[in-house]
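Okay, structure first, notes after.
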Amino acid sequence: MVVIIATRDETYRKFGPILLEAVCLVIHDQINLLRKEQGMREITEQDILDNLNNHLAELQPYDWMER
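Everything in the sequence shown is counted per our numbering, starting at 2 for the first residue and increasing by one.
So, in structure tokens, the structure goes:
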């Protein structure tokens with residue numbers, strides 16, 4: 002059996018921004034389900050966007066972004 006692991010660049014090129022949006026929405030929904038069960042306030046989409054913006058500065062650009 003041969004296992005092929007896609008690189009970060011290959012995954013993004015294949016699925017693009019729609020993958021990122023879908024992942025964020027799923028995580029948002031799951032976090033809020035758990036928080037609601039614990040009696041905690043829900044996290045807004047703006048909370049997540051603010052957090053994403055904070056982390057974007059920490060990440061390196063994809064190789065193709067620098068071309």
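Don't be surprised by glycine CBs; every beta carbon is placed ideally from N, CA and C.
Here the structure is a predicted model, which means the values were calculated and not measured.
Contact between Glu-43 and Asn-55 does not hold, since the beta-carbon distance rounds to 20 Å and is not under 8 Å.
Nearest to Thr-45 by alpha-carbon distance, out of Met-66, Cys-25, Leu-60, Gln-39, is Cys-25. For the region 2 to 52, not one full-length beta strand (DSSP E) segment reaches 3 residues or more.
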